[in-house]
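Worksheet: the structure to be examined is printed underneath.
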Amino acid sequence: MANIVHIGIGPLGAKTVRYAVERGCFNIVGAVDTDPDKEGKDLGEMCGIGSLGIAVSRSLNEAIAGRQADVALLTTVSSIVTIESQVAEIAETGLNIVSTCEELFFPWKTNPEVAGRIDRICRDNEVTCVGTGVNPGYLMDLLPTILSGLCQHVKKVEVWRIQDASVRRIPFQQKIGAALTLEQFQAKKNDGSLRHVGLPESVDFIADRLGWKLDRSEETLEPVIAAAQVDSGYKPISKGMACGVHQVGRGFVGDDEVITLNFRAAVGEPESGAHRGRARN
């Protein structure tokens, strides 16, 4: 049974704690969050599952003092640039790292310099570091890559992921632009604060695993516009406002579009669950 430390007890971190307890094959020995309001509180009670007897600490060294820890579950940010210092601190304590940082999943093309530094510090401290999650990490990259193994020749990989964001946490709904006017959506799109993170990394991962050298890749992002009033999200959405996002990641070999990853998430999305994918051979 692995001894784990949870770092970052936000909405996603709390879910990770609950899942770890439900699985029953992990031993939680510590928790860390820099929010002073969380310091000293019981981890389980914070996550809505009853007392675990683990107090949230504000530093990793405090959390693992006198305890045997093997792995840090890092659920803090999506940016690999921001998370680099966090990974370095964890690696220097000798803990292996599993992170939900989307850009950490396959950063060798999008952020090669940062990826190289993270790789070196982990090698120097003889620990492993992996970025993973539902997406990126499984649905739109690892799974289609595994399924393509059934094909002798693959000409194109196309994936659709469609989801109703009504049941997702509020930060996710905000990240996809739900309840914004189209002008607000465009402004956030322009400053980079509105997007599902990870599609370029998924495109690069698929290309690498299939042995394709991409000549170029691109990502597009457009609003999903509410056709009628939507009341199932964190706040009412009027007709004509953005209720979500449709992003497409594409990879090209020459003029041929060999990878197409469609991510559509919107509050009230009627086709939720219609995850589709195909590999043409």
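When we follow my numbering, the leftmost residue of the sequence shown carries the number 953, and every step to the right adds one. Just so it is clear, CB atoms sit at the ideal spot from N, CA and C, and this is done for glycine as well. Keep in mind that this is a model prediction, so the values were computed, not measured.
{"Query": "What distance in whole Å lies between the Cβ atoms of Ile-1189 and Val-1219, which are believed to be in contact at a cut-off of 8 Å?", "Result": "6 Å"}
{"Query": "Name the DSSP beta bridge partners of Ile-1016, please?", "Result": "None, per the DSSP bridge assignment."}
{"Query": "Here's the rule: buried if 16 or more other CB atoms are within 10 angstroms of the residue's CB, otherwise exposed. What is Met-953?", "Result": "exposed"}
{"Query": "Could you check whether the segment 1196-1214 touches the segment 1110-1125, counting it as contact only if at least three pairs of C-beta atoms, one from each stretch, sit closer than 8 Å?", "Result": "yes"}
{"Query": "Given 7 Å as the limit, tell me if Lys-1191 has its C-beta closer than that to any heavy atom belonging to the ligand ATP.", "Result": "The ligand ATP is not part of the structure shown, which contains no ligands of any sort."}
{"Query": "Cys-1081 to Phe-1058, Cα distance in whole Å?", "Result": "11 Å"}
{"Query": "Could you give the DSSP three-state label for Gln-1237: helix, strand or coil?", "Result": "Lying outside 953 to 1233, the shown extent of the chain, residue 1237 is not represented and no answer is given."}
{"Query": "Specify the secondary structure class of Arg-975 as computed by DSSP and reduced to three states.", "Result": "helix"}
{"Query": "What does DSSP give as the partner residues of Ser-1009 in its beta bridges?", "Result": "Val-984"}
{"Query": "Can you grab the Cα-Cα spacing for the pair Ala-1194 / Pro-1152, in whole Å?", "Result": "23 Å"}
{"Query": "Pull up the distance between the alpha-carbon of Lys-967 and that of Cys-999, whole angstroms please.", "Result": "7 Å"}
{"Query": "For Ala-1226, which three-state DSSP category applies?", "Result": "Residue placement at Ala-1226 cannot be trusted, given a pLDDT of 46 that sits under 50; what the coordinates show is reported in the next sentence. Residue state, collapsed to three classes: coil."}
{"Query": "Count the other CB atoms within 10 Å of the CB of Thr-1034; is the residue buried (16 or more) or exposed (fewer)?", "Result": "exposed"}
{"Query": "At 4 residues or longer, what runs of the alpha helix (DSSP H) sit wholly inside the segment 1135-1219?", "Result": "1151-1162"}
{"Query": "With 16 other CB atoms within 10 Å as the buried threshold, where does His-1105 fall?", "Result": "exposed"}
{"Query": "In terms of alpha-carbon separation, which member of Glu-1221, Asp-1208 and Phe-978 lies closest to Val-1197?", "Result": "Glu-1221"}
{"Query": "Which residue comes first and which comes last in the alpha helix (DSSP H) that contains Lys-990?", "Result": "Neither: Lys-990 is in no alpha helix (DSSP H) and is coded neither H nor E."}
{"Query": "When we look at the beta-carbon of Gln-1038 and count the other beta-carbons within 10 Å, is it buried (16 or more) or exposed?", "Result": "buried"}
{"Query": "Does the beta-carbon of Leu-1146 have 16 or more other beta-carbons within 10 angstroms, so that it is buried, or is it exposed?", "Result": "buried"}
{"Query": "By alpha-carbon positions, which one of Gly-1068, Arg-1121 and Pro-1175 ends up nearest to Ala-1139?", "Result": "Pro-1175"}
{"Query": "Nearest-angstrom Cα distance between Ser-1169 and Ile-1016?", "Result": "43 Å"}
{"Query": "Whole angstroms are fine: how far does the CA of Val-1155 sit from the CA of Pro-1123?", "Result": "25 Å"}
{"Query": "Looking at the unbroken alpha helix (DSSP H) that takes in Arg-1069, where does it start and where does it end?", "Result": "1064-1076"}
{"Query": "Excluding the 5 residues flanking Ile-1070 on each side, which residues of the same chain have their C-beta closer than 7 Å to its C-beta?", "Result": "Glu-1036, Val-1039 and Cys-1081"}
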